[in-house]
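Engineer: In terms of full-length UniProt numbering, the sequence shown opens at residue 1 and continues consecutively. Just so you know, even glycine gets a beta-carbon here, dropped at the ideal spot from N, CA and C. These numbers were taken from a predicted model, which means no experiment stands behind them.
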Amino acid sequence: MADKQTWPLHMKVLVRLLHVYFSVARGMTMGVRAACFDEQGRLFLVRHGYTGGWHMPGGGLERNETAEEALIKELREEGNLRIVGKPQLFHVYFNTNITRRDHVVFYRATVEQTAPRLPDWEIAESGFFEIDKLPAETTEATYRRLAELRGEAEPAHYW
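(1) Roughly how many angstroms separate the alpha carbons of proline 8 and alanine 67, rounded to a whole number?
(2) Beta-carbon of leucine 81 versus every beta-carbon of chain C: anything under 9 Å?
(3) How about valine 111 and arginine 33: are their beta carbons less than 9 Å apart?
(4) Which term fits valine 13, buried or exposed, when burial requires 16 or more other beta carbons within 10 angstroms of its beta carbon?
(5) Thinking C-beta only, is tyrosine 93 closer than 9 Å to histidine 157?
(6) So the beta strand (DSSP E) lysine 86 belongs to, where does it begin and stop?
(7) Give the single residue among Pro155, Ala109 and Gly127 whose Cα lies nearest to the Cα of arginine 117.
(8) Going by Cα to Cα distance, which pick from Gly52, Phe37 and Met11 is closest to alanine 136?
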């Protein structure tokens, strides 16, 4: 399971610099993530080029953007995904992995992919996976969120 301790030094520095910038530009940061399932019940995951592990797609909210607008944008950017129906708000988490001022709004969504997502500097790989055959480097946070969605664990307050 990949976590920030296994990141290369240059990635730790880059992520820290981005968070310092966001602390000035945004004050408190808020992001969105979603457990995205296709019609076969497979989960969509991404592997970023700047951090280790496989994650559920998502990203930060910009000024004057609602959480749902950010979710639609991030799913399109990270996976060429279109939400089918309405995303379901699941929980809001306090994320202290890098700073002590970040929150994650977490959704469950049914999606369809409009086109394959080609790799680039941000998304090294992406794809749909059977829920019982997730990639070896799927993050612990992803597994925790899935257990919460299945009702096997109470939603935590921390990401």
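Structural biologist: For this structure:
(1) Numbered from its first residue, the sequence shown carries residue 8 at position 8. Numbered from its first residue, the sequence shown carries residue 67 at position 67. Spanning the two alpha carbons is a distance of roughly 31 Å.
(2) Among the protein chains of the structure shown there is no chain C, as only one such chain exists.
(3) By 1-based counting over the sequence shown, the position of residue 111 is 111. By 1-based counting over the sequence shown, the position of residue 33 is 33. No, these two residues do not count as a Cβ contact at 9 Å.
(4) By one-based count along the sequence shown, residue 13 stands at place 13. Exposed is the call here.
(5) Here residue 157 corresponds to residue number 157 of the sequence shown, with the count starting at 1. Here residue 93 corresponds to residue number 93 of the sequence shown, with the count starting at 1. In this structure, tyrosine 93 lies closer than 9 Å to histidine 157 by Cβ.
(6) The residue labelled residue 86 in the question sits at position 86 within the sequence shown. Counting along the chain, the beta strand (DSSP E) containing lysine 86 begins and ends at 81 to 95.
(7) Counting from 1 along the sequence shown, the entry for residue 117 is found at position 117. When only C-alpha atoms are compared, the closest one is Gly127.
(8) Position 136 of the sequence shown, counted from the start, is the residue given in the question as residue 136. The shortest C-alpha separation from alanine 136 is found at Gly52.
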